[in-house]
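I have placed the structure first, in the form of structure tokens, so that the comments after it can refer back to it.
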Amino acid sequence: MSDKEVHSEEALRGAFQRLFPGEAPRVARAPGRVNLIGEHTDYNGLPVLPMTLAHEVRALFSPRADTRAVLRNLRAEYGPAEFDAAGAPSPSPAGSWDNYVKAGLIGARQYAPGLPPAGLNLLVDATLPAGAGLSSSTALVVVAALAFLDAAGRAPASLRDRLRLASALAEAEHFVGTRGGGMDHAALLLGSAGQACKIDFFPLRVEHAPLPDDCAVVVCDSMVKAEKSGAAREKYNLNPRLCALACALVRRQLREDFGEDVPLERLGDLWFGPLCLTTREAENLFLAAVPEGRLALPEIARLLGLSPEAAARQYLPDVALPPEGVDLHARVTHQAAEYRRVEHARDALIANDPEAFGRLMVASHDSCRDNLGVSCPELDRLVDAALRAGALGARLTGAGFGGATVNLVWRDKTFSFIEEMARACYANHPGPPPVFIAETAPPAGVGELRG
Ligand code: NG1
């Protein structure tokens, strides 16, 4: 999270002019986001509560006369790439950064049917670290979509447009191979400076909530990279797949209870669909439908009335179950409890009760660690140290498996908190500790370069 690689807008303009002489670029920007609470719930259609982040991904772009998308990145680790923007993009090998630009184009087309097949020069730069759970991949998808749309005169203009675009991009990002939810696209396109946002899904809805004036949000990097374009992808996809399996068990239970099929696409439909259950009712249903403890594939398949091969084909196309089995009940327990925590956290923001908010953050971290298995020793150490250093709340943020923690700290204690974290966790870290005070930012958009 050092700023040593940050390029000024002047330098960015100069680089664009050298790469694409004679073109006057516009710029698409997307902030990062830090999720305050509501983890691994979005892909089940259950709410989340993130805030935008002033660190951003930006892309300078200009239209081309042909239909090529010509991509350059100021970060040396992301080499030049190019594809034909007229056809249906085919995926580059997993981990290639151009896949996120292709996902942006796919989402832009779904949002704006009939989008003319126009080429684009695109130069990307970021102040947002990758693989830190701060949504750098979605920020790239969003800036790419905005660039393609703006070049065609179809940039989103209204709140309704932004809601539609966020939904289209959440679906389109599955092109890169991760089964993520819609939190990041909604936070980046509909978040707001100075506030957190509570996001509900299906249908997408965003409600802004004030952040406590007397608190700061501090992000601490575990320095364990968890890039979902690489090794973390299968680890990440396991939880959405297991939740879909648990959902299938719940469907079977409902059929038994009601004597007919009850439509249930995802676990979140229990709260909002035809059943409109309370969280307590959902928890009781989970107790009846999803056995506690570890289950191996043959056992899960038997409960579903399928052969193990058919269950794997239908529900686990891209992940393998660990041989010791999986605890589906722990997963659904997390969903119900995290849903309740997000609702209470929003109420705590409105009531200006940061201490209550902090307690909910800690409970969320514990559940991510114990019920979902998405924490790691480095994240747990950061959370423990933060609580010892006086944080009101501390938890992993984003997908987990590495990345960063988010901490709520009294504003007048921020610097002593950072000093204490530096001493406790980063004594051997070369250079300044990878910790920053998170500032909110306006949502993603397109405009002229500053300065
Ligand atoms: P990050 O932290 O950006 O990798 C991922 C998913 C979210 C959400 C969180 C966990 C993508 C693009 N993002 O976020 O949808 O599921 O993990 O809460 O897959």
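Going by this note's numbering, the sequence shown opens with residue 147, and the numbers climb by one from there.
Note that beta-carbon positions come from the ideal geometry of N, C-alpha and C, so glycine has one too.
query, result
"Within its chain, find whatever has a CB closer than 6 Å to the CB of L443; leave out the 5 residues flanking it on each side and keep chain order.", "P454 and L467"
"Considering Cα atoms alone, identify which of P589, E594 and L595 is closest to H201.", "P589"
"With a CB to CB cut of under 6 Å and the five nearest residues on each side skipped, what residues in its chain are close to G327?", "D188 and Y189"
"Alpha carbon to alpha carbon, what distance is there between H331 and A602?", "Outside the shown range of the chain, which is 147 to 597, sits residue 602, and nothing can be said about it."
"Just how far apart, CA to CA, sit F229 and P235?", "8 Å"
"Classify I183 as buried or exposed, calling it buried when 16 or more other Cβ atoms lie within 10 Å of its own Cβ.", "buried"
"Assuming A170 and L292 are in contact, meaning their beta carbons sit under 8 Å apart, how far apart are those beta carbons, in whole angstroms?", "So it is not a contact: roughly 17 Å between Cβ atoms."
"Should H511 go down as buried or exposed, given a rule of 16 or more other Cβ atoms within 10 Å for buried?", "buried"
"Measuring only the C-alpha atoms, how far is Y572 from P579?", "6 Å"
"What does the Cβ neighbour count give for S304, buried or exposed, with the cut at 16 atoms within 10 Å?", "exposed"
"Short check: CB of A390 to CB of Y461, under 8 Å?", "yes"
"Could you name the residues of the same chain whose beta carbon sits closer than 6 Å to that of A532, not counting the 5 residues immediately before and after it, in chain order?", "A540 and N553"
"DSSP on C343, reduced to helix/strand/coil?", "strand"
"Measuring only the C-alpha atoms, how far is G233 from G260?", "13 Å"
"Suppose the cutoff is 8 Å on Cβ atoms and the five residues either side in sequence are ignored; what does the same chain contact list for S148 look like?", "Because the pLDDT of S148 is 42, which lies under 50, any placement of that residue in the model is unreliable, and the number read from its coordinates should be weighed accordingly. Same-chain partners within the cutoff: G577, P578 and P580."
"Quick check for students: name the residue ranges of the alpha helix (DSSP H) that lie wholly in the stretch 500–526, counting only runs of 4 or more.", "500–513"
"For the stretch 528–552, which segments carrying the beta strand (DSSP E) assignment without a break, of at least 3 residues, lie completely within its bounds, in sequence order?", "539–543"
"Does E228 come out as helix, strand or coil in the three-state DSSP assignment?", "strand"
"Would you mind giving the Cβ-Cβ distance between L199 and P226, rounded to the nearest angstrom? I have them listed as a contact below 8 Å.", "About 28 Å; that fails the 8 Å criterion."
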